[in-house]
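Step one of this worksheet: look at the structure below.
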Amino acid sequence: MNKYFNFLSSDLAIDLGTVNTLVYHTENGIVLNEPSILAINKAHSKVGIIAIGLKAKEMQGRTPENIETIKPLRDGIIADYLAAEEMIKYFISKSISNKSIFNPRLIICVPASSSPAERKAILDSGFASGAREVFLVEEPMAAAIGANLPINDAKGSMIIDIGGGTTEIAIISLGGIVFSKSIKIGGDEFDKSIITYLKRNENILIGEITAEQLKINIGSGIIPKHGDGRKMIIKGKEMTEGVPVEKEITERHISESVAEPLFEITEAIKEAFDSSPPELNGDILETGILLTGGGSLLKNIDVVIERATGLKVNFAKDPLSSVAIGSGKVMKNLKSMRNLLCSTYGRL
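Last residue of the sequence shown? That's 479 in our numbering, and every number before it is there in order.
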């Protein structure tokens, strides 16, 4: 009967991220990659959803008083249950074909350090969205599988997944997580630091979208040796007069603004390395660290980590999709990989 259900339904793996959500279909690979954001009409007594995903992202920072854009997840966990439920339901409907007769089975990724209550909220959201079965897998394990690390070998592998809301650090050996640490710093924190820096030092107020564009286009973890580096003209609001203004921002500005969150990430990596057994330390010294996640795309972040830790740093082949691909592999091989799933209280 289970085989019959599985044949007539779609199995999906969801990388439910603070900034973006990716959906992996077991037959078609990654079928969706959209912002984790909704636009709602506040005048409605219930949740009056106007747009979800890409369409809602286009409205961010441009809405009238009666419309608000909200992010259901904060720091990798659900902050708005009803909005998360509607978002997951919408993403599932976009990811499966009309040929599916039965509701899908889901694997949803969770931060390794998430609490039982936080994991239960994600499970409940999955079931409320109409899933037939819902499983959880920890993000660093999914990222390691997606990046093809030898997780089952008697050898330590260290992976750093820098997402939008959190940085997940894990040391994996013999099919399990030996040590994990999650800190609430990621791409969103880089954006906030850029906004704060420009407000304090350049007397200009910008929004989240402009901060993200600066990070992507001229961001770097290393201050330029000569001059100010790359430049970008932005539009914002002058703080003193409150009038619109154009200003040239440099790579030096962005490098200085993200220095503090980068320092916290490197300190957490050093703590993880110090907390692992000596034998695994030797393995990590030999193979180095693997970086994945959207936050790892910040220019020169590998140089920052290498200088701070003395460890070699490598990048996953597809940093943005590693978690989704890894969780998809678990779903496709659920019988043999069931031991990698976790419950609301820890690993199964």
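Glycine is no exception: its CB is placed at the ideal position from the N, C-alpha and C atoms. What you are looking at is a predicted structure, and each value in this text was computed from that prediction instead of being measured.
Q: Tell me whether R250 is buried or exposed, calling it buried when 16 or more other Cβ atoms sit within 10 Å of its Cβ.
A: With 16 or more other Cβ atoms from the protein chains shown falling within 10 Å of its own Cβ, R250 counts as buried.
Q.
Assuming the contact rule is C-beta atoms closer than 8 Å, E402 and K312 should be a hit. Round their C-beta distance to whole Å, please.
A. Contact between E402 and K312 is confirmed by a C-beta separation of about 7 Å, below the 8 Å threshold.
Q: Would you kindly check if the distance between the Cβ of A301 and the Cβ of D322 is under 8 Å?
A: Going by C-beta atoms, D322 is not nearer than 8 Å to A301.
Q. What did DSSP end up calling N172 once you bin it into helix, strand or coil?
A. DSSP places N172 within a strand segment (E or B) once states are collapsed to three.
Q) Rounded C-beta distance between F310 and S427? I'm assuming under 8 Å. A) Not a contact, Cβ separation roughly 20 Å.
Q. Any idea what DSSP makes of I369, helix, strand or coil?
A. Just to set this straight, residue 369 is Glu in the shown sequence, not Ile. Strand at E369.
Q: Can you tell me which of E395, D292, E216, R205 puts its alpha carbon nearest to the alpha carbon of V444?
A: That would be D292, whose Cα lies nearest to the Cα of V444.
Q.
Along the chain, where does the alpha helix (DSSP H) containing V374 start, and where does it finish?
A. Segment: none, V374 is in no alpha helix (DSSP H) and carries neither H nor E.
Q. Helix, strand or coil: which one does DSSP assign to E179?
A. First, the amino acid is wrong: residue 179 is Gly here, not Glu. Three-state DSSP puts G179 in a strand.
(Q) Below 8 Å, how does it come out for the region 259-279 and the region 216-224: are there three or more Cβ pairs, yes or no? (A) These segments touch.
Q) Excluding five sequence neighbours on each side, which residues of the same chain lie with their C-beta closer than 7 Å to the C-beta of I385? A) Here the set comprises I325, L345, K346, I349, G350, S351.
Q. Where does P235 sit, in a helix, a strand or coil, going by DSSP?
A. P235 falls in the coil class under three-state DSSP.
Q.
Please report the distance separating the alpha-carbon of L422 from that of I209.
A. Distance between the alpha carbons of L422 and I209 is about 25 Å.
**Q.** Residue interval of the alpha helix (DSSP H) (run including K460)
**A.** Element bounds for K460: 453-463.
**Q.** Completely contained alpha helix (DSSP H) runs for the region 291-349, where each covers 4 or more residues
**A.** Look at the region 291-349 and you find these whole runs of alpha helix (DSSP H), each 4 residues long or longer: 318-332, 339-349.
Q: Measure the C-alpha to C-alpha separation of E437 and L393 and round it to an integer number of angstroms.
A: Going from the Cα of E437 to the Cα of L393 covers about 12 Å.
**Q.** the region 350-368 touching the region 376-385, judged by at least three CB pairs closer than 8 Å
**A.** Segments in contact, yes.
(Q) I'd like the list of long-range same chain contacts for T418, defined as Cβ closer than 7 Å, with 5 residues on each side in sequence excluded. (A) Result list for T418: S288, in chain order.
Q.
Rounded to the nearest angstrom, what separates A274 and E372 at their Cα positions?
A. Their backbone Cα atoms lie some 47 Å apart in a straight line.
Q | CB of S167 within 8 Å of CB of I227, strictly | A | Cβ distance not < 8 Å, so S167 and I227 don't count as in contact.
**Q.** Proximity to G179 [Cα-Cα], best of V162, G192, E165, N197
**A.** For G179, the nearest C-alpha among the options comes from N197.
**Q.** Residue burial classification, G306 (beta-carbon count within 10 angstroms, cutoff 16)
**A.** G306 is exposed by the Cβ-count criterion.
Q: Under 8 Å by Cβ, that's how I've got M272 and I303 pegged, so tell me the actual separation to the nearest angstrom.
A: About 7 Å; that satisfies the 8 Å criterion.
Q. How would you label L185, buried or exposed, when you count the other beta carbons within 10 angstroms and need 16 or more for buried?
A. In the assembly as shown, L185 is an exposed residue. Its beta-carbon has fewer than 16 other beta-carbons within 10 Å.
Q | Unbroken beta strand (DSSP E) run spanning L147, endpoints | A | Going by DSSP, L147 is part of the beta strand (DSSP E) stretching over 142-147.
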